[in-house]
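Q:
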């Protein structure tokens, strides 16, 4: 049985995926590995979380997927950031910064 | 969104490919680091985590996923149900009964309580009742009414009506007795329904002496004037006076009383000449924004003013306002409440049966559920699936229930005491069907939720897997047992209620009416009279007619009375000792007042206990005489002989001598306990309108035609109404109650049968669960009787506990139906014992069948099939 991650993490995951493919189109495994790499293994995105997120964002129109060929000529579905997705990423980043600031204020308060 | 269900498969394939691609890339990644390909594949699969789960998660995030899943659930449910057609059939039948009964009742309730009265903004309309010392006391007086109208500002129209009064309408081809209601000029505008032809009364007409204008009803317009426009301005002759027709009401219009025409109350109006004579009903429309409570306070203030100004007639007299709708359905409320409770319980019992069925079925589908869970379905998904099944079944049950509802509805319509003017007739329309749908869906959810929860719970699965086959019962069976006990309690309660009503009915049917119903027939008789006719002339007409009737072959005796018992009720006047001053209205002893001709009491069979009957000598000019009933004699003269005493009554300023005492009679209705009656001599007053009462030697129906011919020959201008037998009148009076009793009886029997089925079901399942145990026991030497008694003990325990709770429940709630009971205590032991025995017998039979089956379990077969 698959358990859902918490809501906060879901929004964060969206942001991370969008950011990752903003640099270059990638397939599912590639996105997972990239996130794992950049966060030094802290975030390990399992397929059970990755694919629902990807498909949801595809429905929303933030990413678009297309079949193509990987480095070793294997078939893989590549995801690319759309214009709407770019805008979404910007919003998410702003929201995230605001969140971090606010929490910071709380933690600093006496 | 609609594309998705079909696109779903396409997306599924795409996802499959994508996951396969992911797996391949993952394996490749691992082999590149030098791992053994087989090992790489194993690890990759573990990392992937199970394709089915991933696919399920993705599917759930799809747009329109909800609809997609719902459709899938529905298709799956239909497939499953096709396989268990027997279960589905029982489910549907059981619930259809419960839903059907409730739907039929809802249509009745909707008509009576929820639908719009056919007047403008009916929620602002109020009716009223006068009060003495806060207690409701019937109609108000004309003079009081006009003062209220003058002094109250809360109303956009405050009107009054008299009850429908019979009048002789002459002229034209034939004379007719019509019903006439006296009303104020603004009744129709206040209701918001104006005459369809002609005009309404004008305010000025109320101030005239002898306005003599009428508005006629649609039916009279058709009958008398053929629906022609010439009716406006035409003349009508009522009781010898000429009236002008000024308007015609639209077809189907009724308000409070069934009547043919409305006469405006003018200065000459004969009704309620005195302030303490009360014959009228006041209704009004609240001004916009004025609440009932506000209007009530204003009314109370005016009542206080009247109390001050007229201390003799208005002491402690008030007026209470009611919403019009409440006022109109008040007499049906108690029966309706009882029926609501009963159908509610019936549905509950049906639901419990059905839930039990589902619990049993759920236990059989455990392995299916476990497998689907392993394949990736979340628990929520499984529950949703099971609930879909449940709701589909109940919706089908709802559809069948609608058919059942039509059946119940037909019965209800024919039997409930509806059909009062203005009270709407129940119909089955869109709203009712919507109710049936809603109740089906809700029932499906309610009935399905517990079985769904149990059927998908890991704990239950584990218990079932590891449970030994000799265990007593799983918690599922325990739950069903508790539910059955509840069913038994409710069913017993209904049976007891039924028993109480049956006992009441028996009492009603055998109550001593105080008069004869065999071979007694009556009919109204009136002739047009005007101021010219003298009292003596009017008396003579009745006397000669009665003599002629008595001479007719087959007639044993005949007489006349102003109000025939049961047919004509009301009119109670105050009566007091002549030597004392007139008492205040709220302290007065009242008696139902009639005027009778000599021979009335012997004709109708009311015994003359003391003194004498009226004679020809009790005529105009001689000393006024009165005969009173025994109850009244006891009230007025508790310690002396009433004969010869002098009394005053009503609004006459002279005294009457009591010349006789007669037995009490139920003249105000079979259920009435108003036994006080005052009889005046017709000979002294010569009323122009009376009921002829005739006692025949044989079947009165045979003589009816002959009597009618005789009467009509004697006087062409006189009007004889329909002849009715006293037997028919009494029977009709009991109809309403009989209907409630039959409805409750039918529902209770159905409830009892459903409970018996539920009882049987639980025990049968229990037996099948313990088959192996019983097989072993038999193999070890148990005698069939042992096994039978085992099961019987369990069954009887359930019934016994249920009975106990049922008794307690019934005794607590029977007080609520007290108003419906007749001469029966709410805790009547015979009804309780009778109900318990009747139900108990059926229940024991329901237990015997599975118990007997238990005894016949073949040990070899049982052990082999485990």
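Chains as they are written, first to last, in our numbering: chain A, 223 to 332; chain B, 1433 to 2298.
Positions of the beta carbon are idealized from the N, C-alpha and C atoms, including for glycine.
In chain order, what residues of the same chain lie with their CB nearer than 7 Å to the CB of residue 1447 of chain B, ignoring the 5 residues before and after it?
A: By 1-based counting over the second chain, the position of residue 1447 of chain B is 15. Only 1487 and 1490 meet the Cβ criterion.
Q: Is the Cβ-Cβ distance between residue 1715 of chain B and residue 1559 of chain B less than 7 Å?
A: Numbered from 1 along the second chain, position 283 holds the residue referred to as residue 1715 of chain B. Numbered from 1 along the second chain, position 127 holds the residue referred to as residue 1559 of chain B. It is a contact, given that the beta carbons lie within the stated cut-off.
Q: Quick one, are the C-beta atoms of residue 2256 of chain B and residue 1932 of chain B less than 7 Å apart?
A: For the purposes of this step, residue 2256 of chain B is identified with residue 824 of the second chain, where counting begins at 1. For the purposes of this step, residue 1932 of chain B is identified with residue 500 of the second chain, where counting begins at 1. Contact: yes.
Q: Contact criterion: CB-CB distance below 7 Å. Does residue 1456 of chain B meet it with respect to chain A?
A: Numbered from its first residue, the second chain carries residue 1456 of chain B at position 24. Answer yes: the Cβ-Cβ gap between residue 1456 of chain B and chain A drops below 7 Å somewhere.
Q: So what does DSSP say about residue 1711 of chain B, is it helix, strand or coil?
A: Here residue 1711 of chain B is taken as the residue at index 279 of the second chain, counted from 1. Reduced to three states, the DSSP call for residue 1711 of chain B is coil.
Q: Please classify residue 1842 of chain B: is it buried, with 16 or more other beta-carbons within 10 angstroms of its beta-carbon, or exposed?
A: As a working note, residue 1842 of chain B is residue 410 in the second chain. So residue 1842 of chain B ends up on the exposed side.
Q: Using the beta-carbon of each residue, which ones in chain B are nearer than 9 Å to residue 295 of chain A?
A: The count along the first chain starts at 1 and reaches residue 295 of chain A at position 73. Result: empty, since nearest Cβ-Cβ is about 11 Å, beyond 9 Å.
Q: Alpha carbon to alpha carbon, what distance is there between residue 1766 of chain B and residue 2245 of chain B?
A: Reading the second chain from its first residue, position 813 is the one you call residue 2245 of chain B. Reading the second chain from its first residue, position 334 is the one you call residue 1766 of chain B. Distance between the alpha carbons of residue 2245 of chain B and residue 1766 of chain B: 13 Å.
Q: Between which two residues does the alpha helix (DSSP H) carrying residue 1720 of chain B extend?
A: Here the question's residue 1720 of chain B lines up with position 288 in the second chain. Careful: residue 1720 of chain B lies outside any alpha helix (DSSP H) and carries neither H nor E.
Q: Give the residues from the region 1491-1519 of chain B that approach chain A closer than 8 Å (Cβ to any Cβ), ordered along the chain.
A: Those residues of the region 1491-1519 of chain B that come within reach of chain A (Cβ to Cβ, closer than 8 Å) are 1492, 1493, 1494 and 1495.
Q: Under 9 Å between beta-carbons, which chain A residues line up against residue 1481 of chain B? List them in chain order, please.
A: Within the second chain, the letter at position 49 stands for residue 1481 of chain B. Neighbours of residue 1481 of chain B on chain A, chain order: 224, 268, 269 and 270.
Q: Roughly how far, in whole angstroms, is the beta-carbon of residue 2025 of chain B from the beta-carbon of residue 2005 of chain B, given that I think they are within contact range, below 8 Å?
A: Mapped onto the second chain, residue 2025 of chain B falls at position 593. Mapped onto the second chain, residue 2005 of chain B falls at position 573. Contact flag correct, Cβ pair sits at about 4 Å.
Q: If you count every other CB in all the chains shown that lies within 10 Å of the CB of residue 1995 of chain B, and 16 or more means buried, which is it?
A: If you number the second chain from 1, residue 1995 of chain B lands on position 563. With 16 or more other Cβ atoms within 10 Å, it is buried.
Q: Report the rounded CA-to-CA distance for residue 2032 of chain B versus residue 1729 of chain B, giving the unit in angstroms.
A: Within the second chain, residue 2032 of chain B is the residue found at index 600, counting from 1. Within the second chain, residue 1729 of chain B is the residue found at index 297, counting from 1. C-alpha separation (whole angstroms): 49 Å.
Q: So, helix, strand or coil for residue 284 of chain A, using DSSP?
A: Position 62 of the first chain holds residue 284 of chain A. Looking at residue 284 of chain A - three-state DSSP - the assignment turns out to be coil, as it is neither helix nor strand.
Q: Over the uninterrupted beta strand (DSSP E) stretch that includes residue 1958 of chain B, give me the two end residues.
A: Residue numbering aside, residue 1958 of chain B sits at position 526 when the second chain is read from its first letter. That run of the beta strand (DSSP E) goes 1952-1958.
Q: For residue 2037 of chain B, which of helix, strand or coil comes out of DSSP?
A: On the second chain, residue 2037 of chain B is found 605 positions in, with the first residue counted as 1. Three-state result, residue 2037 of chain B: coil.
Q: DSSP puts residue 1611 of chain B in a beta bridge; with which residues?
A: Reading the second chain from its first residue, position 179 is the one you call residue 1611 of chain B. DSSP lists B:1598 as partners of residue 1611 of chain B.
Q: What does the alpha-carbon distance come out to for the pair residue 2075 of chain B and residue 2138 of chain B?
A: Locating residue 2075 of chain B in the second chain gives position 643, counting from the first residue. Locating residue 2138 of chain B in the second chain gives position 706, counting from the first residue. Rounded to whole angstroms, residue 2075 of chain B to residue 2138 of chain B spans 40 Å at the Cα level.
Q: Taking just the CA atoms, how far does residue 286 of chain A sit from residue 325 of chain A?
A: Within the first chain, numbered from 1, the residue matching residue 325 of chain A stands at position 103. Within the first chain, numbered from 1, the residue matching residue 286 of chain A stands at position 64. For residue 325 of chain A and residue 286 of chain A, the distance between alpha carbons rounds to 34 Å.
Q: Which residues does DSSP pair with residue 1463 of chain B in a beta bridge?
A: For the purposes of this step, residue 1463 of chain B is taken as residue 31 along the second chain, with counting starting at 1. Answer is none; residue 1463 of chain B lacks a bridge partner.
Q: Going by DSSP in three states, residue 1436 of chain B sits in which element: helix, strand or coil?
A: On the second chain, position 4 is the one that residue 1436 of chain B refers to. Note that residue 1436 of chain B scores 48 on pLDDT, short of 50, meaning its location in the model is unreliable and no value can be drawn from it.
Q: To the nearest angstrom, report how far apart residue 2036 of chain B and residue 1527 of chain B are at their CA atoms.
A: Counted from its first residue, the second chain places residue 2036 of chain B at position 604. Counted from its first residue, the second chain places residue 1527 of chain B at position 95. Cα to Cα, the separation comes out at about 53 Å.
Q: Going along chain B, which residues have a C-beta under 7 Å from residue 196 of chain A?
A: With chain A represented from 223 up to 332, any question about residue 196 of chain A goes unanswered, as that position is not in the structure.
Q: Listing by chain order, which chain B residues have their CB less than 8 Å from the CB of residue 241 of chain A?
A: Here residue 241 of chain A corresponds to residue number 19 of the first chain, with the count starting at 1. Chain B residues near residue 241 of chain A: none, gap ~20 Å exceeds 8 Å.
Q: In terms of residue numbering, what span does the alpha helix (DSSP H) encompassing residue 1754 of chain B cover?
A: Position 322 of the second chain, counted from the start, is the residue given in the question as residue 1754 of chain B. Looking at the DSSP string, residue 1754 of chain B is not in any alpha helix (DSSP H); the run it does join, the beta strand (DSSP E), is 1749-1755.
Q: How is the alpha helix (DSSP H) around residue 2141 of chain B delimited, first residue to last?
A: In the second chain, the residue the question calls residue 2141 of chain B occupies position 709. Element bounds for residue 2141 of chain B: 2132-2146.
Q: Give a yes or no on contact between the region 295-309 of chain A and the region 254-264 of chain A, applying the rule of three or more CB pairs nearer than 8 Å.
A: Not touching, per the Cβ criterion.
Q: Is it true that the CB of residue 1880 of chain B sits closer than 7 Å to the CB of residue 1819 of chain B?
A: If you number the second chain from 1, residue 1819 of chain B lands on position 387. If you number the second chain from 1, residue 1880 of chain B lands on position 448. Yes.
Q: When the cut-off is 7 Å and only beta carbons count, does residue 1725 of chain B lie next to chain A?
A: Sequence index remark: in the second chain, residue 1725 of chain B carries index 293 (1-based). So, not an interface residue.
Q: Residue 2007 of chain B by DSSP, collapsed to three states: which one?
A: As a first step, residue 2007 of chain B must be located in the second chain, where it is residue number 575. Residue state, collapsed to three classes: strand.
Q: Can you list, in chain order, the residues of the region 277-289 of chain A whose Cβ is nearer than 7 Å to any Cβ on chain B?
A: Residues passing the 7 Å Cβ filter: 277, 278 and 281.
Q: Taking the C-alpha atoms as reference points, what is the distance between residue 2115 of chain B and residue 2001 of chain B?
A: Here residue 2115 of chain B refers to the residue found at position 683 when the second chain is read from its first residue. Here residue 2001 of chain B refers to the residue found at position 569 when the second chain is read from its first residue. Their backbone Cα atoms lie some 22 Å apart in a straight line.
Q: Going by alpha carbons, who is nearest to residue 1830 of chain B out of B:1862, B:2236, B:1748 and B:1870?
A: Position 398 of the second chain, counted from the start, is the residue given in the question as residue 1830 of chain B. Ranking the options by Cα distance to residue 1830 of chain B, first place goes to B:1870.
Q: By the 7 Å beta-carbon criterion, what residues does the region 1908-1929 of chain B contribute toward chain A?
A: From the region 1908-1929 of chain B, no residue has a Cβ closer than 7 Å to chain A.
Q: Hey, residue 1586 of chain B and residue 1727 of chain B are a contact pair by Cβ (cut 8 Å); roughly how many whole angstroms apart?
A: Start at 1 with the first residue of the second chain, and residue 1586 of chain B comes out as number 154. Start at 1 with the first residue of the second chain, and residue 1727 of chain B comes out as number 295. Contact holds; Cβ gap of about 4 Å.
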